[in-house]
Amino acid sequence: MVPCSRVLFVLNVNGLVFLQPRDSCYVAAEGLPAISYNGHSPRAYSWDDFPPLKDILDAVHKALPGSRFNSLVLNRYDGNNDYVSWHSDDEVLYGPTPEIASVTFGCEREFLLKKKPSKMSPASGDEPKSKRLRKSHDPDQHSFVLKHGSLLVMKGYTQRDWLHSVPKRAKPMSIRINLTFRCVLR
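Quick note on numbering: the sequence shown equals residues -19 to -1, 1 to 167 in mature numbering (1 follows the signal peptide of the UniProt record, and there is no 0).
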């Protein structure tokens, strides 16, 4: 069993403390630099600790020739109240144009993608943000339903220009496991 846990974060803004709204675990090849986000540096487990995850990594490499993933952030969403808020994975250790492959197991969930505020199209930039986000036809926001077994790939300038999230849902949902394969630069 993969040891996932909820992380307690302290934000720099007013020293707010909150519990990450999902369980997570980090797996990486030996010799990679440590990762850190929101002041948290997770323990890096080895691929050898979890052979099934290594098998899935091999399958992703086969499906995406030329990719070179060497790490994985596993997120476990236990129900409709677990989520990941708007963010981009634009950390320097992933390089300027990171490729992230996301594989979903279990319950389907909505995945949202929206342009970063500085990248908004001129037409939508004049409207208040709250009005833009309510529009279902907003050209700067997209929604995808990620089903069991689906593979979503973000690459190029996706992390530079876009934010993504997995929002809370109103109705009860079962467990979703999301594997996000990444390449940490040495």
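Quick reminder that beta carbons are idealized off the backbone N, C-alpha and C, glycines included.
**OP:** Starting from the C-beta of A25, find all residues in its chain whose C-beta is less than 6 angstroms away, skip the five residues before and the five after it, and write them out in chain order.
**Re:** Y7, A9
Subject >> Limits of the unbroken alpha helix (DSSP H) element including A40 >> reply: 32 to 44
Original post:
Who are the near neighbours of R157 in its chain, counting only those whose CB is closer than 6 angstroms to its CB and skipping five residues on each side?
Top reply: Y58, G87, C88, R90
**OP:** Return the chain-ordered list of same chain residues with a C-beta closer than 6 angstroms to the C-beta of R49, the five sequence neighbours on each side being excluded.
**Re:** C164
Original post:
Which of the three DSSP states, helix, strand or coil, is assigned to L165?
Top reply: Residue 165 is actually Val in this sequence, not Leu. In the structure shown, V165 sits in coil (DSSP, three-state: anything other than H, G, I, E or B).
Original post:
Are the CB atoms of T78 and G137 nearer to each other than 7 angstroms?
Top reply: yes
Subject >> Counted within 10 angstroms of its Cβ, other Cβ atoms place S5 as buried (16 or more) or exposed >> reply: buried
Original post:
Hey, would you say H145 sits closer than 7 angstroms to L94, going by beta carbons?
Top reply: yes
Original post:
Among A15, N56, I16, P33, which has the Cα closest to the Cα of Q1?
Top reply: N56
Original post:
Is it right to say L114 is buried, meaning 16 or more other beta carbons lie within 10 angstroms of its own, or is it exposed?
Top reply: Residue placement at L114 is poorly supported in this model, since its pLDDT is 48, which falls under 50; the coordinates still yield a value, given next. By the neighbour-count rule (16 or more Cβ atoms within 10 Å), L114 is not buried but exposed.
Subject >> Other residues of its chain near L34: CB distance less than 8 angstroms, five sequence neighbours each side excluded >> reply: V(-18), V8, W28, L53, L55, L160
Original post:
Under 7 angstroms between the Cβ atoms of K97 and D121?
Top reply: no
**OP:** Along the alpha helix (DSSP H) that carries T139, what are the first and last residues, could you check?
**Re:** 139 to 142
Original post:
For L38 versus V84, is the C-beta distance shorter than 7 angstroms?
Top reply: no
**OP:** Give every residue of the same chain whose Cβ lies closer than 7 angstroms to the Cβ of N51, excluding the five residues on either side of it in the sequence, and list them in chain order.
**Re:** A9, A10, L13, C164, V165
**OP:** Thinking D63 and R3 are a contact (beta carbons under 8 angstroms), I'd like their distance in whole angstroms, please.
**Re:** 4 angstroms
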